[in-house]
Every structure is written in C-alpha cells, then in structure tokens.
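Chains W and L supply the protein sequences, listed in that same order.
If you use the working numbering, the first sequence corresponds to residues 4 to 115, in order.
If you use the working numbering, the second sequence corresponds to residues 103 to 216, in order.
See below for the structure under consideration.
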Amino acid sequence: DTEVTQTPKHLVMGMTNKKSLKCEQHMGHRAMYWYKQKAKKPPELMFVYSYEKLSINESVPSRFSPECPNSSLLNLHLHALQPEDSALYLCASSPGLDNEQFFGPGTRLTVL
Amino acid sequence: GQNIDQPTEMTATEGAIVQINCTYQTSGFNGLFWYQQHAGEAPTFLSYNVLDGLEEKGRFSSFLSRSKGYSYLLLKELQMKDSASYLCAVRDRPYSGGYQKVTFGTGTKLQVIP
Numbered sequence: 004d005t006e007v008t009q010t011p012k013h014l015v016m017g018m019t020n021k022k023s024l025k026c027e028q029h030m031g032h033r034a035m036y037w038y039k040q041k042a043k044k045p046p047e048l049m050f051v052y053s054y055e056k057l058s059i060n061e062s063v064p065s066r067f068s069p070e071c072p073n074s075s076l077l078n079l080h081l082h083a084l085q086p087e088d089s090a091l092y093l094c095a096s097s098p099g100l101d102n103e104q105f106f107g108p109g110t111r112l113t114v115l
Numbered sequence: 103g104q105n106i107d108q109p110t111e112m113t114a115t116e117g118a119i120v121q122i123n124c125t126y127q128t129s130g131f132n133g134l135f136w137y138q139q140h141a142g143e144a145p146t147f148l149s150y151n152v153l154d155g156l157e158e159k160g161r162f163s164s165f166l167s168r169s170k171g172y173s174y175l176l177l178k179e180l181q182m183k184d185s186a187s188y189l190c191a192v193r194d195r196p197y198s199g200g201y202q203k204v205t206f207g208t209g210t211k212l213q214v215i216p
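See the structure below:
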C-alpha cells in the first residue's frame, strides 16, 4: 500500500457541529502532517507528528485538535469552526522528518 | 522566517522545454522540494535537492544553487497533462537543534498549449 488516504472527501458542517477528519497510511512512515490550503494559495502547515508525538503546532486555533492514535492514523477533530476555516485539508506522511512528503487527496471542508 | 518567490503563471507549447524558477531566503536551509499539483488535487512529489547541482529524473530535472538561494525545475518534452501548478518548498532549521519546517511557495501555474 503506497498511498495516503483521507476521509471524508467532502464535508459540510455548521459552526456548532463537531466533526473529525481521518487520515491513514500503511507505508510505515513515522511522520505525519496536517496542512490547510485555501484556493490559489500554497499549503500551510498546521501540525506535525513524529513517532506519534506532536512535534509542531503552528499556532493553530484550539478549535482544531489533532490526534495520532497509532503510527498509521492521524485525526483532526473540528469544533466550533468559522466560515473562514473552509478550505482543503491535506494530510501527508513521510518516512522521517527529513524525507519528502506524500500527500493524501484531501478533505474539502465547507463551514456554513 | 522564509521568503520564497516563483512566477505566478507561465505558458509553454507542447513538446517544448520550460524552466520554472524559484528564489528563496532562509536562515537555516536544509533542502528544497518541487511538487506538482493539478487543480483540486493533492500535491505530488517531483524532486528534492539539498546539495548544489542538477538532479535528473526522466523528463523532469531540478537544479539548486545554495549560495544564490536559487532553484529551477526543468520540464522537457512538454505534454498537455503537465498543465498544473508547480510548488517550490523549502525546508529550514531556524536554529541548531530546532525543528525543521517545510514552507511552500505560492506556486507557478503552467499552461501547456498545443
């Protein structure tokens, strides 16, 4: 298995909802990432996990809560989001922090 | 912090060669990546340079000059499917022992025309 999968592909939620984005890889990669990408903008790093521990939090608001249950899974829990949080959320993984990253197809999130 | 510059858009003809430039300023350079991103899709890895020189991979080559803070991606024998955005991404380590971070440039949208 040589890919990163993300579910769901699309998500529409209200500002009072709680939802979760899921990411999975079975390549044995030890680093996993969450990025946010707005239209016509580059991906912006949100979180980095290395060996299932949070290594980097790029000053992301607490309404975004990451979780790494095991080395293959990465979740992003969403609560009380704002319309400006609507974006493509990309998950990526890499063998280690020094290696190229492999991206999943993303979840397109719309907050109403 | 980092400052990464790429041209916003480029147009090239099918079968031709195109060079996409990237300049950067960073305090602790530790590698440069090129990614391809088709509209509405995830970025896919193309190449990686950490030492000066040219890395060739099929129709794609990438060059790095660390002293000039400069890289380019060279695409040969252009095909229509090469129409996409090309993202330059720089990894740096702001301070010794600190974490490494990859920052993406705004991307160059390449249009290949017949």
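Think of the CB as a built atom: it goes at the ideal place given N, C-alpha and C, for glycine as much as any other residue.
Comparing alpha carbon positions, the residue from R168/L, F131/L and L177/L closest to K159/L is L177/L. Its chain contains K211 as the residues whose beta carbon lies nearer than 6 angstroms to that of E111/L, once the 5 sequence neighbours on both sides are disregarded; these appear in chain order. Think of a sphere of 9 angstroms around the beta carbon of K203/L: the chain W residues whose beta carbon falls inside it are L48, V51, I59 and E61, in chain order. For G207/L, the nearest CB of chain W lies under 9 angstroms from its own CB, placing it at the interface with that chain. Short of 7 angstroms from the beta carbon of K22/W, and not among the five residues preceding or following it, lie these beta carbons of its own chain, in chain order: L14, M16 and L81. With respect to chain L, the C-beta atom of F105/W has a partner C-beta closer than 9 angstroms. Following the DSSP letters along the chain, one finds H82/W inside the beta strand (DSSP E) bounded by residues L76 to H82. Taken in chain order, the members of the stretch 148 to 165 of chain L whose beta-carbon sits within less than 7 angstroms of a beta-carbon on chain W are Y150.
Close partners of K44/W in chain L (Cβ separation under 8 angstroms): T208.
In chain order, F135 place their CB closer than 6 angstroms to the CB of Y150/L, counting only its own chain and leaving out the 5 sequence neighbours on each side. Here DSSP, grouped into helix, strand and coil, assigns E87/W to helix. In the DSSP assignment, A186/L is bridged to L212/L. Only residues of its own chain outside the window of five on either side were considered, and among them none has a CB closer than 6 angstroms to the CB of L153/L.
Rounded to the nearest whole angstrom, the C-alpha separation of P11/W and F165/L is 37 angstroms. For P145/L, at least one C-beta of chain W is nearer than 9 angstroms to its own C-beta. Distance from the Cα of E179/L is smallest, within the candidate group F162/L, P145/L and V204/L, for F162/L. Of the candidates V114/W, L115/W, D101/W and G109/W, D101/W places its Cα closest to the Cα of Y52/W. Listed along chain L is no residue with a C-beta nearer than 8 angstroms to that of L24/W; the closest approach is about 14 angstroms. A direct Cα-Cα distance of roughly 12 angstroms separates S62/W from S68/W. In this structure, DSSP gives A95/W an extended state, which the three-state scheme calls strand. Any Cβ of chain W closer than 9 angstroms to the Cβ of F131/L would place that residue at the interface, and such an atom is absent.
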